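Q:
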Amino acid sequence: MSRLDRCYNIADLREQALRRLPKGVFQYIDRGAEDEVALADNRQVFRNLKLRTRFMVDLTDRDMGIDLFGKRSELPMAIAPTGIAGLSWYQGELALARAAAAKGIPFTLATGSITSMERVAKEAGGRLWFQLYMWKEEELSYQLVGRARDAGFEALIVTIDGALGNNREYNKRNGFSIPFSISAQSLTDMTIHPRWLVGVIFRYLATTGMPRHENYPPQYAHRITRGTGPGSPMRHHAMTWADIEKMRKFWPGKLIIKGILRAEDAVRAVECGADAVVVSNHGGRALDSAAPTLEILPEVVAAVGDKTTVILDSGVRRGSDMVKALALGAKAVLTGRATLYGIGTAGQPGAEKAIAILKTEFEKTMAYVGCRRVSELSRDIFSPKSLKQLLGE
Ligand SMILES: Cc1cc2nc3c(=O)[nH]c(=O)nc-3n(C[C@H](O)[C@H](O)[C@H](O)COP(=O)(O)O)c2cc1C
295 MSRLDRCYNI ADLREQALRR LPKGVFQYID RGAEDEVALA DNRQVFRNLK LRTRFMVDLT
355 DRDMGIDLFG KRSELPMAIA PTGIAGLSWY QGELALARAA AAKGIPFTLA TGSITSMERV
415 AKEAGGRLWF QLYMWKEEEL SYQLVGRARD AGFEALIVTI DGALGNNREY NKRNGFSIPF
475 SISAQSLTDM TIHPRWLVGV IFRYLATTGM PRHENYPPQY AHRITRGTGP GSPMRHHAMT
535 WADIEKMRKF WPGKLIIKGI LRAEDAVRAV ECGADAVVVS NHGGRALDSA APTLEILPEV
595 VAAVGDKTTV ILDSGVRRGS DMVKALALGA KAVLTGRATL YGIGTAGQPG AEKAIAILKT
655 EFEKTMAYVG CRRVSELSRD IFSPKSLKQL LGE
């Protein structure tokens with residue numbers, strides 16, 4: 295029985311990824327900001343919301359797919375942008391993109407990925423979205439987005455929740471930072487994980503050399519051991535809605551704004567011409583006191599749900615989480631860690647397994663609440679008490 299065969303849920307994939315990856319890489323993926331309150335709260339709110347079953351419904355004719363931006367997605371789900379996924383698996387971004395294509399869902403390539411967007415577009419197939427962190431030098435953002443347009447990416451996700459960066463103290467303790475420093479600690483961490491060292495780092499060294507941020511503009515696309523120089527080259531701290539309005543004029547495809555945690559920001563995003571918003575607290579990796587996304591989702595749906603596509607992420611680990619988010623008005627969810635644990639365990643087949651697990655759980659939960667298709671979901675599936683608690687009524 296392979297390691298993957300022994301994984302029955304996302305927690306099992308996480309466990310396997312923990313064994314294969316160096317501590318620094320695993321914790322970079324797995325953990326949250328500061329005291330990890332937001333990380334835990336994201337999960338807790340999903341847990342607190344209870345479902346009422348409905349049986350005696352003929353479930354023979356079921357369909358878990360949706361129409362997302364005019365095209366079919368086999369599940370109401372897309373893979374979230376995650377920087378340096380290529381450190382979990384050799385060309386991990388390609389593994390994720392191919393898994394998404396095989397399972398019929400979109401994949402988002404992060405600005406901070408190791409594999410170039412042109413290569414992903416050429417080799418992965420499927421529906422591709424590109425995520426942008428804006429750069430201090432404005433023209434660099436446009437260069438990057440121009441590359442994504444020319445490579446045929448369908449959608450652009452602009453992430454707006456960077457602010458002044460994050461506090462992830464364990465990364466510093468683990469010596470896991472960019473530039474990636476080779477210290478006694480990180481060397482030990484790597485050498486006691488030989489499967490990863492040989493399968494990822496040695497393989498890069500034998501082919502393309504030390505991994506680089508391939509999508510960074512040339513002046514910043516150094517090896518991860520060198521980094522981009524002092525300070526962040528990104529312009530998180532000075533972004534405004536004017537930047538989004540301008541980007542809207544430039545980008546011809548679907549525009550998605552990620553990092554929304556209040557209705558008025560969702561309204562602004564729609565006014566700027568966004569085709570979708572992602573209610574996200576960055577998976578609990580940014581502001582540790584951030585509200586759980588499921589708690590904020592109803593106010594965003596009430597404000598813009600009839601005008602735009604509302605997507606949710608942060609904390610999705612079970613198919614039932616997807617059902618809950620959709621019944622509250624989300625059109626789809628993004629998964630960050632769930633699919634990263636998949637590639638961290640076994641590359642593309644691991645990510646496919648993560649998607650398959652979520653799909654099976656989703657379909658089973660849908661059946662328990664008597665829904666054959668996503669359009670049949672409503673708040674009626676929730677226990678009134680737990681729904682009231684969530685809505686603060
Ligand atoms: C390792 C890692 C790297 C991430 N990198 C990015 C990134 O580069 N850009 C971005 O917009 N979000 C990034 N995120 C956040 C995800 O896009 C997403 O919002 C989050 O992972 C969702 O929560 P989940 O992991 O609980 O599914 C990252 C998340 C993880 C776990």
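Anchor point for the sequence shown: position 124 equals 418 in the numbering used here, and the numbering is continuous, going up by one each time.
For every residue, glycine included, the Cβ atom is placed at its ideal position computed from N, Cα and C.
Owing to the predicted nature of the structure, the values given are computational and were not obtained by experimental measurement.
#1: Determine the burial state of Met-295: buried for a count of at least 16 other Cβ atoms within 10 Å of its Cβ, exposed for fewer.
#2: Return helix, strand or coil for Val-610, following the three-state DSSP convention.
#3: Determine the closest residue to Asn-509 out of Gly-456, Met-411, Arg-542, with distance taken between C-alpha atoms.
#4: Less than 7 Å separating the Cβ of Leu-312 from some heavy atom of ligand 1?
#5: Just how far apart, CA to CA, sit Ile-554 and Glu-657?
#6: Between Leu-628 and chain C, is there a C-beta pair that is closer than 8 Å?
#7: Could you tell me the boundaries of the alpha helix (DSSP H) in which Val-663 lies?
#8: Please state whether the Cβ-Cβ distance between Val-573 and Val-594 is less than 8 Å.
#9: Just reading off the alpha helix (DSSP H) that Lys-416 is part of, what are its end residues?
#10: What do you get for Leu-343, buried or exposed, if any count of 16 or more other CB atoms within 10 angstroms of its CB means buried?
#11: Select from Thr-453, Leu-588, Leu-426 the residue whose C-alpha is nearest the C-alpha of Gly-692.
#12: Taking only the alpha-carbon atoms, compute the straight-line gap between Ile-675 and Val-331 and give it to the nearest angstrom.
#13: Output the distance between the C-alpha atoms of Ala-632 and Arg-462, rounded to the nearest integer angstrom.
#14: Are at least three pairs of beta-carbons, each pair with one atom in the segment 455 to 475 and one in the segment 315 to 322, less than 8 Å apart?
#15: Near Ser-382, which residues of its chain fall below 8 Å by C-beta distance, leaving aside the five closest residues on each side in sequence?
#16: Between the Cα of Asp-361 and those of Arg-325, Ser-669, Arg-506, Leu-499, spot the shortest distance and give me the residue it belongs to.
#17: Among Tyr-302, Met-350, Ala-478, Gly-380, which residue has its Cα nearest to the Cα of Ile-518?
#18: Looking only at its chain, what residues have a beta carbon closer than 6 Å to the beta carbon of His-576, apart from the 5 residues adjacent to it on each side?
#19: Just checking, does the segment 422 to 438 make contact with the segment 397 to 407 on the three C-beta pairs under 8 Å criterion?
#20: Return helix, strand or coil for Leu-652, following the three-state DSSP convention.
#21: State the Cα-Cα distance for the pair Gly-623 and Gly-644, rounded to the nearest angstrom.
#22: Just to confirm, does Leu-450 get its C-beta within under 7 Å of one of the non-hydrogen atoms of ligand 1?
#23: Assuming Arg-529 contacts Cys-566 (C-beta within less than 8 Å), just tell me the rounded distance between them.
#24: Would you give the residue range spanned by the beta strand (DSSP E) that Met-371 belongs to?
#25: The alpha helix (DSSP H) that contains Leu-333, what's its start and end?
#26: If we call anything under 8 Å between Cβ atoms a contact, is Ile-378 one with Leu-390?
#27: Do you know how far the Cα of Thr-522 is from the Cα of Thr-654?
#28: If you check the beta carbons only, do Asp-329 and Asp-582 fall under 8 Å apart?
#29: Which residues bound the alpha helix (DSSP H) around Ala-626?
#30: Could you pull the start and end residues of the beta strand (DSSP E) that Gln-479 belongs to?
#31: Using beta-carbon positions only, say whether Thr-587 and Ser-614 come within less than 8 Å of one another.
#32: Assign Phe-474 to one of three DSSP states: helix, strand, or coil.
#33: Would you say Gly-609 touches ligand 2, meaning its beta carbon is less than 7 Å from a heavy atom?
#34: Compute the beta-carbon to beta-carbon distance between Thr-602 and Ala-568, rounded to the nearest angstrom, for a pair I have assumed lies under 8 Å.
#35: Just confirm the distance between the C-beta atoms of Pro-592 and Leu-685, as a whole number of angstroms; I'd bet it's less than 8 Å.
#36: Determine which residues share a DSSP beta bridge with Arg-506 and list them.
A: Concretely, from the data shown:
#1: exposed
#2: coil
#3: Met-411
#4: no
#5: 28 Å
#6: Going by chain labels, chain C is absent from the structure shown, which holds only one protein chain.
#7: Here Val-663 belongs to no alpha helix (DSSP H), and DSSP marks it neither H nor E.
#8: yes
#9: 411 to 417
#10: buried
#11: Nothing in the structure corresponds to residue 692, since the chain is present only between 295 and 687.
#12: 28 Å
#13: 20 Å
#14: yes
#15: Ala-311, Leu-315, Val-319, Ile-323, Val-494, Leu-634, Ile-637, Gly-638
#16: Ser-669
#17: Gly-380
#18: Asp-455
#19: yes
#20: helix
#21: 29 Å
#22: no
#23: Actually they do not touch by this definition, with Cβ atoms about 17 Å apart.
#24: 371 to 373
#25: 331 to 342
#26: no
#27: 42 Å
#28: yes
#29: Element bounds for Ala-626: not the alpha helix (DSSP H) but the beta strand (DSSP E), 626 to 629.
#30: Note, Gln-479: premise wrong, no beta strand (DSSP E); alpha helix (DSSP H) at 478 to 485.
#31: no
#32: coil
#33: This structure simply doesn't include ligand 2; it includes ligand 1 instead.
#34: 6 Å
#35: 6 Å
#36: Arg-517
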